[in-house]
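Just so we're aligned, residue 1 is where the sequence shown starts under full-length UniProt numbering, counting upward by one.
Where is the CB? At the ideal position from N, CA and C, for every residue including glycine.
Working notes, beginning with the structure itself.
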Amino acid sequence: MPGISETPRTSRQVSDMPSPRRLLSTSKVYEGRIWDVVSDSFQLSDGTDTLVRDYIDHPGAVAVLPMNVDGEILLLKQYRHPVGMDLWEIPAGLLDVEGEDFVVGAARELAEEADLVAATWNVLVDFFNSPGSSSEAVRIYLARGISDVPVADRHVRTDEEAEIELHWVPLEDAVKAVLEGRLHNPSAVLGILAAAAAKADGFTGLRPANAPWPAHPSQR
């Protein structure tokens, strides 16, 4: 339209990149049971004003979207106290075992929260959960070739996890639930939409389970 300028288009590939800045100081202002809060003073460039940002120093997490041979995905219902709601989620957990391989951690969470093991693993999507206030990096895997953990080897779930309810849902129904605003957990929302997109080429475009994860703090 006349009078409206358009943003120039480019063929440049869009990709998030590390951007080191001059760190002047850092301190821990709160030590929690799972994560800490730190305060950093830094400059965007030489000669600019000093900025101070407080944020959660987080170990990161992994999540798993289990898919059975019928193309259904597994969702689990769990109470989340900060929002005061029962949320439908996918199996997930902290990367709080030092030196543990990422996919090994994901397999552990799948077994503990869903009593399942998987033969085939792929990376669905990587994301920062809340990059304005936390260093938490999350990787979501697609797990297929599903089978049950033997009853004798199953994890005993306690506290909020003791109330977990499991439900297999057609992927298309899960996508509809996301778009209708009925699902809110970020790992579930991203995992469902990523799986729906990846299904277009039969999941052949997905990265292998051991794909590099340079965005995770331990890899930087």
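Residues sharing a beta bridge with T26, DSSP: T26 pairs with D40.
Given 8 Å, three or more beta-carbon pairs between the stretch 87-104 and the stretch 17-33: Using a C-beta cut-off of 8 Å, the stretch 87-104 makes no contact with the stretch 17-33, since fewer than three inter-stretch Cβ pairs fall below that distance.
Tell whether a beta-carbon distance below 8 Å holds between P217 and G60. In contact: P217 and G60 (Cβ atoms closer than 8 Å).
So which of A195, V189, P214 and E160 has the shortest CA-CA distance to P82? For the options A195, V189, P214 and E160, the alpha carbon positioned closest to that of P82 is the one of E160.
Run of the alpha helix (DSSP H) containing K77, from where it starts to where it stops: Careful: K77 lies outside any alpha helix (DSSP H), inside the beta strand (DSSP E) at E72 to R80.
Hey, how far is the Cα of S45 from the Cα of R220? Answer to the nearest angstrom: the Cα atoms are 20 Å apart.
With 8 Å as the threshold, decide whether the Cβ of D101 is near any Cβ in chain B. In the structure shown, chain B cannot be found, because there is only a single protein chain.
Cutting at 6 Å between CB atoms, please list the residues of its own chain near residue 280, excluding the five before and the five after it. Coverage of the chain is limited to positions 1 through 220, which leaves residue 280 absent and any answer about it impossible.
Consult DSSP for P186 and reduce its assignment to one of helix, strand or coil. Helix, per DSSP.
Considering G99, what are the terminal residues of the beta strand (DSSP E) in which it resides? Counting along the chain, G99 falls outside any beta strand (DSSP E), and DSSP gives it neither H nor E.
Let's test the definition: count the other Cβ atoms within 10 Å of the Cβ of N210 and tell me whether it reaches 16, buried, or not, exposed. Exposed, by the Cβ-count rule.
Is N129 near V138, with beta carbons less than 8 Å apart? Taking 8 Å as the cut-off, the Cβ atoms of N129 and V138 count as close.
Would you kindly report the start and end of the unbroken beta strand (DSSP E) that includes L65? Here the beta strand (DSSP E) through L65 covers A61 to P66.
L166 - partner residues in DSSP beta bridges: Beta-bridge pairing links L166 to L76.
Do A106 and V62 come within 8 Å of each other at the CB atom, strictly closer than that value? It is a contact, given that the beta carbons lie within the stated cut-off.
Report buried or exposed for E180, applying the criterion of at least 16 other Cβ atoms within 10 angstroms of its Cβ. Counting Cβ neighbours within 10 Å, E180 comes out exposed, since fewer than 16 surround it.
Where do the N-terminal and C-terminal ends of the alpha helix (DSSP H) with V175 fall, by residue? V175 -> alpha helix (DSSP H) spans L171 to L179.
So, for L76: in the same chain, excluding its five sequence neighbours on each side, which residues have a beta-carbon less than 8 Å away from its beta-carbon? Sequence-distant Cβ neighbours of L76 in its own chain, meaning closer than 8 Å and more than five residues away, are W88, E89, I90, P91, E113, A114, I164, E165, L166 and H167.
Sub-8 Å separation of L116 and I146 beta-carbons: In this structure, L116 sits near I146, with a CB-CB distance shorter than 8 Å.
Can you list, in chain order, the residues of its chain whose CB lies under 7 Å from that of V178, leaving out five sequence neighbours each side? Contacts found: V189, I192 and L193.
Starting from the Cα of S187, find the closest Cα among R154, E136, T204 and V38 and give me that residue. When only C-alpha atoms are compared, the closest one is E136.
Could you tell me which residues DSSP pairs with W35 in its beta bridges? The partner list for W35 (beta bridge, DSSP) is empty, contrary to what the question assumes.
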